[in-house]
Amino acid sequence: MNETEIRERLRDAVGEAHYPAALKSKVEARLREPEAEAHPRLVGLVAAVLAVIIVGSLVFIRLQSSTGFLPAAHPVRPSGAPTVAPNGTPQSIGRLPVEDLAVANLSQAADAVSTPDLLQTSSGRAVRLVGAYADTARIVLILRSLPAGQPIVQISDDSGPINSGYSEANGVIGDLVVSYMQPPHAGADGVAHLNVTVSSFVQGPPFPPAVGSTNSGVWSFSVSLKIQAAIPLTLSPTLTSVGSWKVTVEKFELTPSVVHLRAVVDGPSSIDVNQNAFTLLDDAGNAINVAGASFVPKGGQNATQVDMSWGRVARATTYRLQVKNGGATYTSGPASFAAPPTPASSPSAKGGKGQALTPLDFPAAAESLNFGDAMSGHISTGRPQSCGAGSGGSGELFSFATYFQINQVWYWLSFSTDPTAQQYHGPGTYSVKASLAPVSPLGPTEPTFLGTALLVITSDSGLHEGNVNGTLHWTDDQKQTVTVGGKWTCMPGRELGPA
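Quick note, the sequence shown lines up with residues 258 to 756 if you use my numbering.
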């Protein structure tokens, strides 16, 4: 019995669910093992027993998830700078919001991102380091804190402070991506040891004229990162000049996350050298978005150090560099490399064969839900992932969960009755557990907001519908809340459960 047959039997019994990635990998690993020499009947008996165990395990997980089981909140670390060893693994992908990966230009390198998950509290504000990444071109940090604000960040390694400029971009609610246009230095053990200190958060524009308040404190973290290697790319013909510019290419390389160019341009004033002169083209000749750019005078007014990165494009196998100076243009031939690994699923596309289900794999449903406080907005459409009543180990329950978008960012919202407190007995009003989570390439992450709500169920046959009203609290700071209220609907189906 293979994995497909197991899933089909399970789906017929209890519906589809998002199962732990580790369980799938264990099943796949077991199926890939060569057959051992043994008596055919014995092999058949063992296979049957294994199938029963696996199906039983999946059913147990499905029913447990249906009872409103939620992952434990993040533990609070001791005071002082938390430390974590290198830890970028495929298993970490499920903890990283897709939106964070996208704005960090890490969608193609998700399995190389470390998820240290370190928490520090100072001056009444909680700050969590949820992601970190380094390669030969840059350093990326993903910070989580509310209320929203612009952090002032200092970073150093074993060789001292890293003084390059950095950019900031908002990810999911509460998350901020900080990117440095400089790689770290490796220590004696070949690993970069970073010390990160956040000294303040500015509510309002971070640069003069400043508006709003500043929340000062000390939030310190220590993290060790493997520096991801790069593949050199060849520019053909060799880039030595463009019009009157003399160009010395120091690096043109492909890291797991970006295409990186470092060069020195001699001839023009440094003010004339900017990112508009440099373009990277993909296989189809489309310009690729710039991930970062730095232009610094070097050795005189007529020399400029150019440092630029472009985000890698999914499934691209060639890139072309184009440089323009006045009426002169240089365009390289295709710089090719081995095909990259298949990227993790995006919630904005349907999952392919062998990939995790994405929000678009679930049918759309009409919703009318309003959000307030830390998350503000209204949704009129959702993608329900759980819908209806079912039985668990503690009795009858009802569950409604849906994927939805606010400001084009995917989230997951769940309401589930607690059979240990109140058995589900049909349409009515129930006090339910509520959770809100960003969406990773593998499905919902651990909830970032938890709380309770009043769930009114007016119909639980055919089209399920009702109303909900509740308040959820941020897991790192109970003072930060999200309110939700309005009408919900869902239609039970093959992909949804319980049903």
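Idealized CB from N, CA, C, for every residue including glycine.
Since the model is a prediction, treat every value here as computed from it, not as a measurement.
By a beta-carbon distance limit of 8 Å, residue 513 does not contact residue 359. Their separation comes to about 15 Å. By the beta-carbon neighbour count (other beta carbons within 10 angstroms, threshold 16), residue 635 is exposed. With a beta-carbon spacing of about 16 Å, residue 696 and residue 628 fall beyond the 8 Å limit used to define contacts. The beta carbons of residue 560 and residue 529 sit no closer together than 9 Å.
Boundaries of the beta strand (DSSP E) harbouring residue 375: 375 to 379, taken from the DSSP string. Here residue 488 is exposed. Its C-beta has fewer than 16 other C-beta atoms within 10 Å. For residue 724, the pairing in a beta bridge is given by DSSP as 713 and 744. The Cβ atoms of residue 391 and residue 354 lie no closer than 9 Å to each other. In the DSSP assignment, residue 553 falls within the unbroken beta strand (DSSP E) covering 547 to 554. Contact check for residue 658 against residue 731 fails: the beta carbons are separated by 9 Å or more. When only Cα atoms are considered, residue 707 and residue 701 end up about 14 Å apart. Here residue 665 carries a coil assignment [DSSP, helix/strand/coil].
Measuring C-alpha to C-alpha distances from residue 594 to each of 643, 511, 542 and 537 identifies 511 as the nearest. Within the same chain, Cβ atoms closer than 7 Å to the Cβ of residue 573 are found at 539 and 540, the five residues on either side in sequence being excluded. Its chain contains 278, 697, 698, 699, 700 and 702 as the residues whose beta carbon lies nearer than 8 Å to that of residue 351, once the 5 sequence neighbours on both sides are disregarded; these appear in chain order. In the three-state scheme derived from DSSP, where H, G and I count as helix and E and B as strand, residue 414 is classed as strand. As for any beta strand (DSSP E) of minimum length 3 sitting wholly inside the segment 466 to 528, the runs are 471 to 482, 502 to 511 and 515 to 523, ordered along the chain. Distance between residue 366 and residue 537, taken at the CA atoms: about 19 Å. By the neighbour-count criterion, in which 16 or more other beta carbons inside 10 Å mark a residue as buried, residue 517 falls on the buried side. A Cβ-Cβ separation of about 4 Å places residue 457 in contact with residue 473 under the 8 Å criterion. Secondary structure in the segment 622 to 666: no alpha helix (DSSP H) run of 4 residues or longer lies completely within the stretch.
Contact between the segment 583 to 593 and the segment 548 to 556 is not established, with fewer than three Cβ pairs separated by less than 8 Å.
In the structure shown, residue 365 adopts helical secondary structure according to DSSP, grouped into three states. Residue 450 counts as buried, since no fewer than 16 other beta carbons sit within 10 angstroms of its beta carbon.
In this chain, the alpha helix (DSSP H) harbouring residue 358 covers 355 to 360.
Counting only the Cα atoms, residue 476 lies some 26 Å from residue 447.
Assignment of residue 396 by DSSP, reduced to helix, strand and coil, places it in the strand class. Within its own chain, the residues whose Cβ lies closer than 6 Å to the Cβ of residue 674, once the five positions on either side in sequence are excluded, are 654, 655, 681, 687 and 689, listed in chain order. Using a Cβ distance threshold of 9 Å, residue 668 and residue 429 count as a contacting pair. Between the C-alpha atoms of residue 544 and residue 616 there is a straight-line separation of about 29 Å. Ranked by Cα distance from residue 705, the first of 728, 714 and 733 is 733. A residue is called buried once 16 or more other Cβ atoms fall within 10 Å of its Cβ, and residue 372 is buried on that count. Looking from the CA of residue 413, the closest CA among 515, 422 and 495 belongs to 422.
If you ignore the 5 residues before and after residue 498, its C-beta comes within less than 7 Å of the C-beta of 504, all in its own chain and listed in chain order. Relative to the Cα of residue 664, the nearest Cα in the group 427, 377 and 361 belongs to 427. The residues 397 and 434, in chain order, have a CB closer than 6 Å to that of residue 361 in the same chain once the five nearest residues on each side in sequence are set aside.
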